[in-house]
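Student: Input: one structure, supplied below.
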Amino acid sequence: MIANLCFNVLNGHDYWLPLTLNTSDPLLKWQDPSPLLNLRYIGLSNYNYKINFYNIRTLAITNLAPPLASTASAGDKRDLVCKTSIYAHRVSDMIEEPNRMMLPIEGYAQQPLVSLEKAIAPLIFIVPDIERKTWLAIENSKTPADGLTSGESASIILYSMEWSKKEESLYYILNSTLRKEKRDLLQPWFLYLKLVLTGLGKLPSIIGRTVYRGVKGDFSKNYQQGNKIVWWGFSSCTSTINVLEQEEILGKTGVRTLFAIESKSAKDIRHHSIYPDENEILFLPATQFEVIGQYQPSKNVFIIQLQETEPLYPLRHPV
């Protein structure tokens with residue numbers, strides 16, 4: 001059977017795509033192998049189904065009007081099925097770090113631990129659409145793993161979400177603020193930072209394992225052997241190096257810089273992410289690293305080896 005499904009994607013546009021359904025299975029399986037669209041849905045009809053695409057893990061389906069012809073362009077369809085890494089920008093955003101020592105991140109530790117709804121209240125006029133995204137995060141944290149409360153798990157899920165415009169995403173605005181010298185700009189974030197850092201603190205640390213980041217271009221001059229550097233924002237990594245071959249991150253051609261990082265405190269957030277298949281590894285803000293060495297296996301590829309180290313004085317107050 002061919003059915004037309006309407007996807008209301010994060011950017012608010014509707015895409016109509018004809019799909020082949022396996023009518024012998026009461027739980028009809030999606031036929032496309034893309035990890036983003038590896039969905040199961042219930043029901044069978046000659047009608048269109050609208051899929052709430054905000055919730056990747058459990059999608060609600062509502063019966064709509066009779067089938068329509070596909071209005072999605074070829075480019076729209078590619079956008080839907082070819083996006084291979086949601087957090088590609090986060091794995092490469094070390095280029096936005098200030099590369100200098102700044103004042104410590106403090107002030108949030110003294111705040112009370114509140115619900116996520118209360119924690120984001122000061123951010124309503126800073127982060128677009130944050131109330132709806134918060135609701136979606138809470139809906140995805142009913143049975144949190146790792147001993148976290150629902151609010152703590154939801155705060156991490158909210159961080160992991162990608163808005164249709166990355167510049168409007170909570171993670172993007174938060175990290176941009178963490179990288180600014182004016183620490184007073186962080187005050188509206190204190191309640192959220194207290195909640196999300198409390199949740200992340202309950203996750204087991206990744207100790208002694210190597211995780212990876214990458215960026216297009218040659219950044220070897222910024223990471224000379226023996227130097228100590230601080231990444232002031234939350235820093236996303238992957239434990240699988242071949243993920244970096246995606247065109248959104250390193251690609252397979254051109255000048256590229258790969259970071260191999262020995263972790264002491266990074267957190268695996270896959271059980272608290274809106275995209276659990278991404279296997280995102282997260283360093284907390286104001287983490288210090290030492291450049292252990294550099295290697296240039298080919299003309300266009302630079303590999304920088306980092307080791308997480310403790311600063312002389314804390315750069316981020318413990319919660």
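Counted from 1, the sequence shown has number 197 at position 197 by the numbering used here; the numbering is strictly sequential.
Glycine included, C-beta positions come from ideal geometry on N, C-alpha and C.
These figures come from a predicted structure and were not determined experimentally.
Using C-beta distances below 6 Å, list every residue in its chain close to P98, excluding the 5 sequence neighbours before and after it, in chain order.
Tutor: R179
Student: Spatial neighbours of S150 within its chain, please: C-beta separation below 6 Å, excluding the five flanking residues on both sides.
Tutor: S141 and P144
Student: Could you work out which residue in Y108, V211, G254 and E247 is closest to I241 when comparing CA atoms only?
Tutor: Comparing Cα-Cα distances from I241 to each of Y108, V211, G254 and E247, the minimum goes to V211.
Student: Can the beta-carbon of A119 be found less than 8 Å from the beta-carbon of L203?
Tutor: Cβ atoms of A119 and L203: not closer than 8 Å.
Student: Between which two residues does the beta strand (DSSP E) harbouring S235 extend?
Tutor: S235 to T238
Student: Please go through the stretch 216-290 and give each complete alpha helix (DSSP H) segment of 4 or more residues, from N-terminal end onward.
Tutor: none
Student: Since L158 and L148 should fall inside the 8 Å C-beta cutoff, what is the C-beta to C-beta distance between them, to a whole number of angstroms?
Tutor: Beta-carbon to beta-carbon, L158 and L148 are separated by about 13 Å, too far to satisfy the 8 Å threshold.
Student: What is the C-beta distance between G254 and K216, in whole angstroms, given that I count them as a contact (C-beta under 8 Å)?
Tutor: 6 Å
Student: Between H317 and Y295, what straight-line distance do the alpha-carbon atoms span, to the nearest angstrom?
Tutor: 34 Å
Student: State the Cα-Cα distance for the pair Q187 and F125, rounded to the nearest angstrom.
Tutor: Q187 and F125 have their C-alpha atoms roughly 14 Å apart.
Student: So G289 and I261 are supposed to be a Cβ contact under 8 Å. How far apart are they, rounded?
Tutor: It should be pointed out that residue 289 corresponds to Phe in this sequence rather than to Gly. That belief holds up - the Cβ atoms of F289 and I261 are roughly 7 Å apart, short of 8 Å.
Student: On the CB-based measure, 16 or more other CB atoms within 10 Å of its CB, does P367 come out buried or exposed?
Tutor: Here the chain covers residues 1 to 319 and nothing more, so residue 367 does not appear.
Student: Can you name the start and end residues of the beta strand (DSSP E) that T309 belongs to?
Tutor: V301 to T309
Student: For V91, which three-state DSSP category applies?
Tutor: helix
Student: Tell me whether P188 sits in a helix, a strand or coil according to DSSP, three-state version.
Tutor: helix
Student: Pull up the distance between the alpha-carbon of A154 and that of M161, whole angstroms please.
Tutor: So the alpha carbons of these two residues sit roughly 11 Å apart.
Student: Quick one: using the 10 Å Cβ neighbour count with 16 as the cut-off for buried, is I274 buried or exposed?
Tutor: buried
Student: Which term fits R213, buried or exposed, when burial requires 16 or more other beta carbons within 10 angstroms of its beta carbon?
Tutor: buried
Student: Just to confirm the assignment, what range does the alpha helix (DSSP H) spanning W135 have?
Tutor: I130 to E139
Student: Leaving out the 5 sequence neighbours to the left and right, which residues in its chain are closer than 6 Å to L185 when beta-carbon positions are compared?
Tutor: T177
Student: Any idea what DSSP makes of V196, helix, strand or coil?
Tutor: helix
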